[in-house]
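Have a look at the structure below, then the notes.
Number of protein chains: 2
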Amino acid sequence: MSGSSLSPREVARRRLLDTLRREGPLARVEIGHHLGMSPASVSELTASLLDEGVLVTEEGSEALSGLIRGRPKVRLFFADSLGFVIGVWTGFNRIELRLVDSAGRNRASRHVERPLRNLEADALMDVLSETITAFARDSGAPDVKAVGLACQGYVDTKEGIVAWSPVLGTRDLPLAEGLGQRLGKPVLIENDASAMAFAIAQRDPALRVGRTACLMIGDGVGLGFLVQGELYRGARSGGSEFGHVRLRRSGPQCRCGGRGCIEAFLADYALHRDAQLIDHRPAPTILIPSEDAMGALVAQARAGDTALLHLFREAGEVLGDAASILIQTLEPDHIVICGPGTRAMDLLSPSFEAALEHQTIPALRSLTTIQVVESSMDLLTEGVVMQALRELDQDLARLRAA
Amino acid sequence: MSGSSLSPREVARRRLLDTLRREGPLARVEIGHHLGMSPASVSELTASLLDEGVLVTEEGSEALSGLIRGRPKVRLFFADSLGFVIGVWTGFNRIELRLVDSAGRNRASRHVERPLRNLEADALMDVLSETITAFARDSGAPDVKAVGLACQGYVDTKEGIVAWSPVLGTRDLPLAEGLGQRLGKPVLIENDASAMAFAIAQRDPALRVGRTACLMIGDGVGLGFLVQGELYRGARSGGSEFGHVRLRRSGPQCRCGGRGCIEAFLADYALHRDAQLIDHRPAPTILIPSEDAMGALVAQARAGDTALLHLFREAGEVLGDAASILIQTLEPDHIVICGPGTRAMDLLSPSFEAALEHQTIPALRSLTTIQVVESSMDLLTEGVVMQALRELDQDLARLRAA
DNA sequence: CATATTTGTTCGTTTGTCGAATAAAACAAT
DNA sequence: ATTGTTTTATTCGACAAACGAACAAATATG
Chain A
2 MSGSSLSPRE VARRRLLDTL RREGPLARVE IGHHLGMSPA SVSELTASLL DEGVLVTEEG
62 SEALSGLIRG RPKVRLFFAD SLGFVIGVWT GFNRIELRLV DSAGRNRASR HVERPLRNLE
122 ADALMDVLSE TITAFARDSG APDVKAVGLA CQGYVDTKEG IVAWSPVLGT RDLPLAEGLG
182 QRLGKPVLIE NDASAMAFAI AQRDPALRVG RTACLMIGDG VGLGFLVQGE LYRGARSGGS
242 EFGHVRLRRS GPQCRCGGRG CIEAFLADYA LHRDAQLIDH RPAPTILIPS EDAMGALVAQ
302 ARAGDTALLH LFREAGEVLG DAASILIQTL EPDHIVICGP GTRAMDLLSP SFEAALEHQT
362 IPALRSLTTI QVVESSMDLL TEGVVMQALR ELDQDLARLR AA
Chain B
2 MSGSSLSPRE VARRRLLDTL RREGPLARVE IGHHLGMSPA SVSELTASLL DEGVLVTEEG
62 SEALSGLIRG RPKVRLFFAD SLGFVIGVWT GFNRIELRLV DSAGRNRASR HVERPLRNLE
122 ADALMDVLSE TITAFARDSG APDVKAVGLA CQGYVDTKEG IVAWSPVLGT RDLPLAEGLG
182 QRLGKPVLIE NDASAMAFAI AQRDPALRVG RTACLMIGDG VGLGFLVQGE LYRGARSGGS
242 EFGHVRLRRS GPQCRCGGRG CIEAFLADYA LHRDAQLIDH RPAPTILIPS EDAMGALVAQ
302 ARAGDTALLH LFREAGEVLG DAASILIQTL EPDHIVICGP GTRAMDLLSP SFEAALEHQT
362 IPALRSLTTI QVVESSMDLL TEGVVMQALR ELDQDLARLR AA
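Protein sequence lines, in the order shown, are assigned to chains A and B.
Following this note's numbering, the numbering of the first sequence begins with 2 at its first residue and continues without gaps.
Following this note's numbering, the numbering of the second sequence begins with 2 at its first residue and continues without gaps.
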């Protein structure tokens with residue numbers, strides 16, 4: 002009845018590898034310090050990991066010594082010759098790729114402009130498979146061990162299924178399996194906001210204690226929620242498409258088919274579309290505007306365009322309402338606002354702050370810190386690559402145990 | 002850095018006591034089955050627990066044997082002679098009390114009509130202390146080991162602080178310490194919706210797997226959220242006053258000072274107040290109506306009063322919106338609607354269902370089951386008493402370990 | 001070169017769990 | 001009555017995992 006329980010050894014092994022992935026090369030004593038373990042136990046664990054070739058001792062430690070008295074530390078880290086992992090993000094008309102070696106070090110990256118919307122499921126998987134294969138070939142990476150893919154929508158990471166996505170017509174697409182078969186490698190899929198949240202939390206230790214809610218504004222509005230540094234998993238993906246909470250009953254149309262979703266006020270496409278409407282130009286079909294177009298929009302607003310300023314004010318208000326709901330439901334210790342949408346944070350802030358204060362019960366407000374993290378989509382592939390590496394580590398451990 | 006880590010022994014001990022509390026008297030083999038442990042280990046653990054007098058072997062097992070072939074089971078359970086625990090719920094003008102023995106068996110209960118609103122913090126604690134002491138005395142319970150108190154508002158169980166409560170004027174009241182000093186016993190405080198959620202989940206095993214959100218409608222609207230049967234703890238109490246999420250910007254006044262809170266549509270006081278307003282009677286100050294008054298209101302609506310029906314329709318709609326937010330944020334496997342407010346579920350249902358379907362993205366809707374649990378406030382004291390007993394069990398274990 | 005200092009390993013011990021054998025306590029069959 | 005049968009519980013030896021203490025290793029300092 003206790004499910005697939007890991008052996009104590011596997012748990013320890015995993016914790017060790019996790020901290021090593023995060024904290025860079027560490028000496029055995031330092032690992033012990035991080036994990037609250039005795040040096041003896043660390044020695045035992047690392048001995049077998051070195052033996053298996055998962056870890057290697059760091060060269061050139063002599064640079065570090067020279068001033069410290071005792072025996073110099075020998076730092077350990079992942080071997081970088083055990084193959085590669087590719088991280089992918091798929092947007093509406095763009096694919097971002099990143100290649101890392103087994104030590105997690107960046108080896109190559111690429112972005113491809115390619116409209117993905119309205120492709121059939123099979124066609125989409127073909128395109129992805131080809132793009133990934135070409136990238137691996139061109140980067141001279143013959144031995145890709147796994148692929149991590151971050152995409153929009155409700156993603157069930159465990160089952161490898163995309164339940165719904167704004168990009169896809171199909172529902173319940175078994176993407177991990179489909180792409181995995183084409184590539185002949187394990188594929189891990191993840192919601193993009195979750196991947197972003199994970200990456201951001203890897204960089205800031207404060208975000209790994211307590212609960213952290215990451216609101217990502219960009220093509221859509223996503224939520225990645227972390228509890229003690231681990232991604233919260235709901236029945237499906239865990240609040241990851243929070244952007245489709247409908248805050249205004251008679252609000253603008255959203256691409257999900259509903260009305261008044263958070264996303265329908267805040268996402269790039271929504272702001273761009275509403276700006277077009279102001280100019281009495283015909284409303285475009287849903288379209289992801291370029292970064293340039295969004296930059297121009299923001300610049301025009303900053304220059305004092307009152308109609309545009311009103312749009313941003315309303316968007317900020319919705320963001321404040323959204324943050325307030327998060328606070329009063331999840332009671333997070335931190336809220337992080339991230340993604341390309343933060344480019345207009347100066348325009349959103351006044352109404353955001355006002356709405357947040359207005360809508361949140363004061364006793365709770367002080368418990369949550371709110372910060373804006375300027376994060377490019379780069380972080381996204383970084384996040385999903387780290388997750389794929391972690392899975393790989395775990396598989397290694399499990400393989401050994403079997 | 003790893004906090005206060007329990008020894009493996011303590012963890013096992015606690016898991017054992019938890020299942021025993023929940024699943025009633027069990028034989029050693031059955032315990033092993035529940036926990037996925039070998040009989041040898043169970044024997045080892047129970048031996049010391051029997052030795053310490055925490056557990057006893059059940060008498061009268063001969064009634065159970067007689068038809069089964071092998072050696073008869075000897076069921077173990079908590080000794081009932083190790084003192085008592087009192088569970089308390091404080092409403093606006095009512096205090097509910099329950100006395101259980103160390104085996105968790107009900108020994109006495111009482112409810113006291115007593116307006117608590119607008120009392121000073123010290124006066125409130127005095128009243129509670131006196132009421133509890135009198136109850137213990139009258140019930141012939143000389144040896145009360147601990148008190149569990151469930152109350153409305155933002156409760157920080159760990160710190161024992163009530164951050165804010167509709168009953169209190171004060172903020173950040175250290176209630177556990179204050180009451181504990183007066184009574185000379187440890188006091189555990191908990192949000193009432195959380196206590197209710199805990200009690201309901203103890204009764205239904207299905208609610209202890211995955212995530213369960215319990216919406217309690219009554220004096221206010223509370224939320225108890227469980228992950229794998231354990232209460233989710235946010236930065237404070239964990240979404241417990243979800244009722245103060247503001248869904249309608251220009252909605253009715255709420256007792257928290259805001260406007261358009263979920264509670265301001267659904268709570269007893271809100272429905273009662275709005276019904277008064279329909280009749281052009283002067284709006285009463287915030288007042289908790291009696292169960293009779295609410296019954297009359299519901300009866301009148303069922304009889305076809307269109308204005309009242311409209312009130313309930315709107316309340317149902319808000320409930321649907323609320324459930325939708327929960328689904329799209331927490332992605333729970335189960336939503337349970339409970340509390341006295343379910344008395345009018347037939348009136349709320351049509352608009353509730355409609356709003357829920359309208360506001361929720363279809364890909365997620367099917368993942369969450371929704372059920373209504375008719376639950377009296379009795380369950381509440383049961384929930385908090387169980388939590389207090391659990392704490393006591395843990396303390397026993399810790400005491401031994403020290 | 002001896003000493004101090006810090007890192008890492010070895011080794012014996014403790015703790016917790018398990019499997020297998022064994023004992024215990026009933027019923028069933030002859 | 002006695003002898004199996006069946007299920008429950010305990011005992012005992014084995015093993016895994018982690019720890020503390022002692023010890024070895026590698027460097028800086030005086």
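Beta carbons are placed, not taken as given, at the ideal position from N, Cα and C, and that holds for glycine.
Quantities reported herein were computed from a predicted structural model and do not represent experimental measurements.
Here DSSP, grouped into helix, strand and coil, assigns D157 of chain A to strand. By the beta-carbon neighbour count (other beta carbons within 10 angstroms, threshold 16), P167 of chain A is buried. Setting aside the 5 residues that flank it on each side, V57 of chain A is surrounded in the same chain by A80, each with a C-beta closer than 6 Å to its C-beta; the list follows chain order.
Bridge pairing for M387 of chain B: absent [DSSP].
In terms of Cβ geometry, A356 of chain A and E318 of chain A form a close pair [threshold 8 Å].
Contact check between the segment 238-258 of chain B and the segment 351-371 of chain A: three or more CB pairs, one atom from each, fall below 8 Å, which counts as touching. In the DSSP assignment, I96 of chain A forms a beta bridge with A:T91, A:V113. The beta carbons of R237 of chain B and L320 of chain A sit no closer together than 8 Å. In this structure the segment 23-32 of chain A lies against the segment 40-51 of chain A, because at least three pairs of beta carbons, one per stretch, are closer than 8 Å. When A:R183, A:A198, A:E178, A:A200 are compared, the shortest CA-CA separation from I190 of chain A is found for A:E178. Along the segment 354-378 of chain A, going in chain order, the ones with a CB nearer than 7 Å to a CB of chain B are Q360, I362, A364, L365, L368, T369. Taking the Cα of G149 of chain A as reference, the smallest distance to any Cα among A:Q395, A:L393, A:A389 is reached at A:A389.
According to the DSSP assignment, M346 of chain A belongs to the alpha helix (DSSP H) that extends over 346-360. When beta bridges are read from the DSSP output, E231 of chain B appears opposite B:V228. Setting aside the 5 residues that flank it on each side, R118 of chain A is surrounded in the same chain by F93, V168, each with a C-beta closer than 6 Å to its C-beta; the list follows chain order.
The beta carbon of N107 of chain B sits closer than 8 Å to the beta carbons of R99, L100, V101 from its chain, once the five residues preceding and following it are set aside; these are given in chain order. Membership of H35 of chain A in the alpha helix (DSSP H) is indicated by the continuous run 29-36.
DSSP places V374 of chain B in the uninterrupted beta strand (DSSP E) bounded by 370-374. No Cβ of chain B is located within less than 8 Å of the beta carbon of W90 of chain A. For the pair of segments examined, the segment 199-209 of chain B was found not to touch the segment 132-140 of chain B: the number of CB pairs separated by less than 8 Å stays below three.
Among the residues facing chain B, F243 of chain A is included, as its CB has a counterpart in that chain under 8 Å away.
By the rule that beta-carbons nearer than 8 Å mark a contact, D347 of chain A does not touch chain B. Nearest CB-CB separation between Q254 of chain A and chain B: not below the 8 Å threshold. Beta-carbon to beta-carbon, G342 of chain A and L267 of chain A are separated by about 6 Å, close enough to satisfy the 8 Å threshold. R212 of chain A belongs to the set of residues whose beta carbon lies under 8 Å from a beta carbon in chain B. Within chain B, A364, L365 have C-beta atoms less than 7 Å from the C-beta of Y155 of chain A, given in sequence order. In this structure, the beta-carbon distance from L309 of chain A to A265 of chain A does not fall below 8 Å. Along the segment 331-347 of chain B, the positions whose C-beta sits under 7 Å from a C-beta of chain A are L331, E332, P333, D334, read in chain order.
Neighbours of I326 of chain B across chain A, judged by C-beta separation under 8 Å: V246, I326, T330. Its chain contains A147, G181 as the residues whose beta carbon lies nearer than 7 Å to that of P187 of chain B, once the 5 sequence neighbours on both sides are disregarded; these appear in chain order. Per DSSP, reduced to three states, the secondary structure at R250 of chain A is coil, with no helix or strand assignment. Taking 8 Å as the CB threshold, R237 of chain B lines the interface with chain A. Interface flag for G181 of chain A against chain B is unset, since no Cβ pair is found closer than 8 Å. Distances from the CA of G37 of chain B to each of A:R15, A:A124, A:S6 were compared; the closest alpha carbon is that of A:S6. For A316 of chain B, DSSP assigns no beta-bridge partner whatsoever. Under the three-state reduction of DSSP output, A135 of chain B falls in the helix class.
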